[in-house]
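Protein chains in written order, with our numbering: chain A, 3 to 270; chain B, 27 to 284.
Think of the CB as a built atom: it goes at the ideal place given N, C-alpha and C, for glycine as much as any other residue.
Data block below; observations after.
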Amino acid sequence: MIEALAQYTFLQNAFAAALLGAVAAGVVGTLVSVNRMSSLAGSVAHASFGGLGLAYAASFPHLLGALLFSLVSALGIGVISLRYRERADTAIAAFWAIGMAAGLVLIKLSGGYAVDLMSYLFGSIMAVPGRDLLLMALLDVAVLLFVTGFFRELVAISYDSEFSRVQGIHVGLLFMLFLCVVALTVVMLIRVVGLIMVIAMLTIPPAIARMFVGRMGRMMAASAVIAAVLSVGGLVLAWYTGLQGGPMIILLSGAIYLTAFLVRGESS
Amino acid sequence: MSANVVELENVTHSFSSGHPVLRNVSLEVEHKDFLAVIGPNGGGKTTLLKIVLGLLKPDSGRVRVFGRPPAKARRRMGYVPQDTTFKRDFPIRALDAVLMGRLQGIRPFAGYSRGDREAALERMSMLGIEDLAEKKVGNLSGGQRQRVFIARALATDPDLLLLDEPAGSVDPSNQESFYHLLGELNDRITIVMVTHDIGAVSSYVKTVACLNVGLASHGEGLDHESMAEAYGCPIELLAHGVPHRLLGEKRDLEGGND
Numbered sequence: 003m004i005e006a007l008a009q010y011t012f013l014q015n016a017f018a019a020a021l022l023g024a025v026a027a028g029v030v031g032t033l034v035s036v037n038r039m040s041s042l043a044g045s046v047a048h049a050s051f052g053g054l055g056l057a058y059a060a061s062f063p064h065l066l067g068a069l070l071f072s073l074v075s076a077l078g079i080g081v082i083s084l085r086y087r088e089r090a091d092t093a094i095a096a097f098w099a100i101g102m103a104a105g106l107v108l109i110k111l112s113g114g115y116a117v118d119l120m121s122y123l124f125g126s127i128m129a130v131p132g133r134d135l136l137l138m139a140l141l142d143v144a145v146l147l148f149v150t151g152f153f154r155e156l157v158a159i160s161y162d163s164e165f166s167r168v169q170g171i172h173v174g175l176l177f178m179l180f181l182c183v184v185a186l187t188v189v190m191l192i193r194v195v196g197l198i199m200v201i202a203m204l205t206i207p208p209a210i211a212r213m214f215v216g217r218m219g220r221m222m223a224a225s226a227v228i229a230a231v232l233s234v235g236g237l238v239l240a241w242y243t244g245l246q247g248g249p250m251i252i253l254l255s256g257a258i259y260l261t262a263f264l265v266r267g268e269s270s
Numbered sequence: 027m028s029a030n031v032v033e034l035e036n037v038t039h040s041f042s043s044g045h046p047v048l049r050n051v052s053l054e055v056e057h058k059d060f061l062a063v064i065g066p067n068g069g070g071k072t073t074l075l076k077i078v079l080g081l082l083k084p085d086s087g088r089v090r091v092f093g094r095p096p097a098k099a100r101r102r103m104g105y106v107p108q109d110t111t112f113k114r115d116f117p118i119r120a121l122d123a124v125l126m127g128r129l130q131g132i133r134p135f136a137g138y139s140r141g142d143r144e145a146a147l148e149r150m151s152m153l154g155i156e157d158l159a160e161k162k163v164g165n166l167s168g169g170q171r172q173r174v175f176i177a178r179a180l181a182t183d184p185d186l187l188l189l190d191e192p193a194g195s196v197d198p199s200n201q202e203s204f205y206h207l208l209g210e211l212n213d214r215i216t217i218v219m220v221t222h223d224i225g226a227v228s229s230y231v232k233t234v235a236c237l238n239v240g241l242a243s244h245g246e247g248l249d250h251e252s253m254a255e256a257y258g259c260p261i262e263l264l265a266h267g268v269p270h271r272l273l274g275e276k277r278d279l280e281g282g283n284d
């Protein structure tokens, strides 16, 4: 494998994408997980398929379409859950399904079955172009700036939003900004594991990290490292088995989570 | 301008379903008062606190805290929410929870200062929980957690402390020391405490208010029993002349009490 890695750009890109994705997945996934927002993340990921369909139909860059729809769905769910908390669940389910439906219809209307769009469903980590790596690196920088810049406030609103409001923190604004970061992260991870499996990439590493650390900052760091190890491990497995990269990353993650859970339990 | 810390005038609030929670509630809390608001569950006690904190806006009526609208008086308020609202599995140490009391608005890239840490630890040692600083909040006992949240409220250096059902998670053997502590704080700070637990009204409490919605049917001829029924007010308190106020539907109560 080492010779192959030295030889093939696509393989180098795959490893780079896996590592770049792991940073955002670990950091943002920690916040998603402590806020119990994994279904929101899943919804945003699936809604982005509508954007992929639109971009395909109207011939503009696919990732731009995905980003557009993931942002709209994240903010839409955000507004609804801030205004009518009891409707959040409905909004999550609706954006999830409508995004998928819109994507499928748009693809059909634009003339058939788009094989390359299927790669967005299941990931195409073995075919990440170089310019996407640059984009992923920029997104990582943005995510890290956001999280370090607002770290105290993000912990506070996640833990106790009412107390945070009494402390003069504009909870709604910060929450919406955070949702934008979730949307960016989701689109970035679509490249790695596909939009169907993004939810696992965001939740499994923090779930493992949580068993070993009891502080948010450490949980973020640990999640990022775990996500990196799982992604690289999954890629190596995929290489030797000849199976797909994204699914191997997720299967390995699931197996490690289960093992950790059995060994360690839910305590921390 | 009056010296009252809290002033509510004819405050009415309904849930989004239209179900009323507070109806025409008027209340004044004086400087250094220790007010216990008692009444049954669903009587609007938590809503009342949240209106004072500015977390909820009343449908009608006027609210002033330190003579200003609640949102502008937040710096002077320390809030201890109900324990049941906390996420047990949240990855946060007791010290970091207390440090939240040092936040003042969003300040990007600002960490907690050494002074913030000292203040947080000082409040924790005041409450006898400094040795729990490194412990995860979710692993603490109910009483310990309660002290963490009181330390957090005190870390804001409040002039008004608002507590929602503080005794709920304190085990009975520790309640006396808990109220003693509040009594000591009351030397400097005005305290409003909301509770459904009549036993919580200890000798440290200076005034009692009974709160319940749905008084309308008890308009006339208020005797102790009907008040007890309507407000959840304990008859013993009424009978023994504890300084006493009834909230809500004031016009129906004229001559009733206070």
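Is the stretch 10-18 of chain A in contact with the stretch 197-216 of chain A, if contact means three or more CB pairs nearer than 8 Å?
-> Cβ pair count under 8 Å is below three, so no.
In whole angstroms, what is the alpha-carbon distance linking residue 207 of chain B and residue 142 of chain A?
-> On the second sequence, position 181 is the one that residue 207 of chain B refers to. On the first sequence, position 140 is the one that residue 142 of chain A refers to. Each residue's Cα considered, the two are about 48 Å apart.
At a CB-CB cut-off below 9 Å, which residues of chain B make contact with residue 176 of chain A?
-> To locate residue 176 of chain A, count along the first sequence from 1; it is residue 174. Chain B residues near residue 176 of chain A: 132.
Under 8 Å between C-beta atoms, does residue 221 of chain A make it to chain E?
-> The structure shown contains no chain E; its protein chains are A and B.
Where in the stretch 161-230 of chain A do unbroken runs of the alpha helix (DSSP H), each at least 4 residues long, occur, reported from the N-terminal end onward?
-> 163-168, 173-195 and 200-212
Whole-angstrom distance between residue 51 of chain B and residue 30 of chain B, CA atom to CA atom | Sequence index remark: in the second sequence, residue 30 of chain B carries index 4 (1-based). Sequence index remark: in the second sequence, residue 51 of chain B carries index 25 (1-based). The straight-line gap from Cα to Cα measures roughly 16 Å.
By Cβ distance below 7 Å, which residues in the same chain neighbour residue 89 of chain A in space, the five residues on each side in sequence not counted?
-> As a working note, residue 89 of chain A is residue 87 in the first sequence. Hits under 7 Å: 82.
Return the CA-CA distance between residue 239 of chain A and residue 232 of chain A, expressed in angstroms with no decimal places.
-> As a first step, residue 239 of chain A must be located in the first sequence, where it is residue number 237. As a first step, residue 232 of chain A must be located in the first sequence, where it is residue number 230. Approximately 10 Å, taken between the alpha carbons.
Residues near residue 271 of chain A by beta carbon distance below 8 Å, same chain, minus five either side = The question about residue 271 of chain A has no answer here: the residues shown for chain A are numbered 3 through 270.
With 16 other CB atoms within 10 Å as the buried threshold, where does residue 173 of chain B fall?
-> For the purposes of this step, residue 173 of chain B is identified with residue 147 of the second sequence, where counting begins at 1. Residue 173 of chain B should be labelled buried.
Does any C-beta atom of chain A lie closer than 8 Å to the C-beta of residue 117 of chain B?
-> Mapped onto the second sequence, residue 117 of chain B falls at position 91. Nearest CB-CB separation between residue 117 of chain B and chain A: below the 8 Å threshold.
Between residue 168 of chain A and chain B, is there a C-beta pair that is closer than 8 Å?
-> On the first sequence, position 166 is the one that residue 168 of chain A refers to. Residue 168 of chain A counts as touching chain B.
Output yes if chain A places a C-beta closer than 8 Å to the C-beta of residue 166 of chain B; else output no.
-> In the second sequence, residue 166 of chain B corresponds to position 140, counting from 1. No, residue 166 of chain B does not count as interfacial toward chain A.
Got a sec: is the Cβ-Cβ distance from residue 189 of chain B to anything in chain A below 8 Å?
-> Taking the first residue of the second sequence as 1, we reach residue 189 of chain B at position 163. It does not; no Cβ of chain A falls within 8 Å.
Can a CB atom of chain A be found closer than 8 Å to the CB of residue 100 of chain B?
-> To locate residue 100 of chain B, count along the second sequence from 1; it is residue 74. It does: the Cβ of residue 100 of chain B has a partner Cβ on chain A nearer than 8 Å.
Residue 39 of chain B - DSSP class collapsed to helix/strand/coil = Counted from its first residue, the second sequence places residue 39 of chain B at position 13. Three-state DSSP puts residue 39 of chain B in a strand.
Quick one: residues in its chain with C-beta nearer than 6 Å to the C-beta of residue 185 of chain A, no 5 flanking neighbours on either side, listed in chain order?
-> By 1-based counting over the first sequence, the position of residue 185 of chain A is 183. If we look at residue 185 of chain A and ignore the five residues flanking it on each side, its Cβ neighbours are 46, 72, 73 and 76.
Is the number of C-beta pairs between the stretch 36-55 of chain A and the stretch 89-99 of chain A that are closer than 8 Å three or more?
-> Contact between the stretch 36-55 of chain A and the stretch 89-99 of chain A is present, with at least three C-beta pairs closer than 8 Å.
Top-ranked residue by Cα proximity to residue 238 of chain B, from B:46, B:54, B:122 and B:35 | Taking the second sequence and counting its residues from 1, the one referred to as residue 238 of chain B is at position 212. Each of B:46, B:54, B:122 and B:35 was checked against the Cα of residue 238 of chain B, and the nearest Cα belongs to B:46.
Exposed or buried, residue 117 of chain A, counting other C-beta atoms within 10 Å across all chains shown (16 or more means buried)?
-> Along the first sequence, one-based indexing puts residue 117 of chain A at 115. By the neighbour-count rule (16 or more Cβ atoms within 10 Å), residue 117 of chain A is not buried but exposed.
Pairwise C-alpha distance: residue 189 of chain B and residue 117 of chain B | Start at 1 with the first residue of the second sequence, and residue 117 of chain B comes out as number 91. Start at 1 with the first residue of the second sequence, and residue 189 of chain B comes out as number 163. In a straight line, the C-alpha of residue 117 of chain B is about 24 Å away from that of residue 189 of chain B.
Name the two residues that bound the continuous beta strand (DSSP E) containing residue 46 of chain B.
-> Here residue 46 of chain B is taken as the residue at index 20 of the second sequence, counted from 1. Unbroken beta strand (DSSP E) run through residue 46 of chain B: 46-55.
Where residue 107 of chain B and residue 120 of chain B are concerned, what is the direct C-alpha to C-alpha distance, given to the nearest angstrom?
-> Here residue 107 of chain B is taken as the residue at index 81 of the second sequence, counted from 1. Here residue 120 of chain B is taken as the residue at index 94 of the second sequence, counted from 1. For residue 107 of chain B and residue 120 of chain B, the distance between alpha carbons rounds to 16 Å.
From the beta carbon of residue 219 of chain B, is the nearest beta carbon of chain A less than 8 Å away?
-> Mapped onto the second sequence, residue 219 of chain B falls at position 193. Output row for residue 219 of chain B: interface = no.
Residue 64 of chain B - partner residues in DSSP beta bridges | Position 38 of the second sequence, counting from 1, holds the residue named residue 64 of chain B. According to DSSP, which records beta bridges pairwise, residue 64 of chain B is partnered with B:221 and B:236.
Between residue 114 of chain B and the rest of its own chain, which residues show a CB-CB distance below 7 Å, the 5 nearest in sequence each way excluded?
-> Along the second sequence, one-based indexing puts residue 114 of chain B at 88. Here the set comprises 164.
Distance between beta carbons of residue 24 of chain A and residue 226 of chain A, contact taken as under 8 Å | The residue you call residue 226 of chain A lines up with position 224 of the first sequence. The residue you call residue 24 of chain A lines up with position 22 of the first sequence. Correct: roughly 6 Å between the Cβ atoms.
If I'm right that residue 28 of chain A touches residue 229 of chain A with Cβ under 8 Å, what's the distance once you round it to whole angstroms?
-> In the first sequence, counting from the first residue as 1, residue 28 of chain A sits at position 26. In the first sequence, counting from the first residue as 1, residue 229 of chain A sits at position 227. The distance from the Cβ of residue 28 of chain A to that of residue 229 of chain A is about 4 Å, consistent with a contact at the 8 Å cut-off.
To the nearest whole angstrom, what separates the beta carbons of residue 170 of chain A and residue 131 of chain B, a pair I think is in contact under 8 Å?
-> What you label residue 170 of chain A is simply residue 168 of the first sequence in a count that begins at 1. What you label residue 131 of chain B is simply residue 105 of the second sequence in a count that begins at 1. That belief holds up - the Cβ atoms of residue 170 of chain A and residue 131 of chain B are roughly 4 Å apart, short of 8 Å.
For a contact meaning CB atoms closer than 8 Å, what does residue 135 of chain B contact in chain A?
-> Mapped onto the second sequence, residue 135 of chain B falls at position 109. The answer, in chain order, is 150 and 151.
Within 8 Å (strictly less), CB to CB, does residue 218 of chain A reach chain B?
-> Against the first sequence, residue 218 of chain A aligns to sequence position 216. For residue 218 of chain A, the answer is yes, since a Cβ of chain B falls inside 8 Å of its Cβ.
Residue 216 of chain B - partner residues in DSSP beta bridges | Within the second sequence, residue 216 of chain B is the residue found at index 190, counting from 1. According to DSSP, which records beta bridges pairwise, residue 216 of chain B is partnered with B:186.
Rounded to a whole number of angstroms, what is the C-alpha to C-alpha distance between residue 124 of chain B and residue 75 of chain B?
-> Here residue 124 of chain B refers to the residue found at position 98 when the second sequence is read from its first residue. Here residue 75 of chain B refers to the residue found at position 49 when the second sequence is read from its first residue. Using only the alpha carbons, I get a separation of about 21 Å.
Can you give me the start and stop residues for the beta strand (DSSP E) that residue 104 of chain B sits inside?
-> One-based indexing of the second sequence puts residue 104 of chain B at position 78. Element bounds for residue 104 of chain B: 103-106.
If you measure from the beta carbon of residue 161 of chain A to each beta carbon in chain B, is any gap under 8 Å?
-> In the first sequence, residue 161 of chain A corresponds to position 159, counting from 1. So, interface residue.
What residues are listed by DSSP as bridge partners for residue 88 of chain B?
-> By one-based count along the second sequence, residue 88 of chain B stands at place 62. The partner list for residue 88 of chain B (beta bridge, DSSP) reads B:35.
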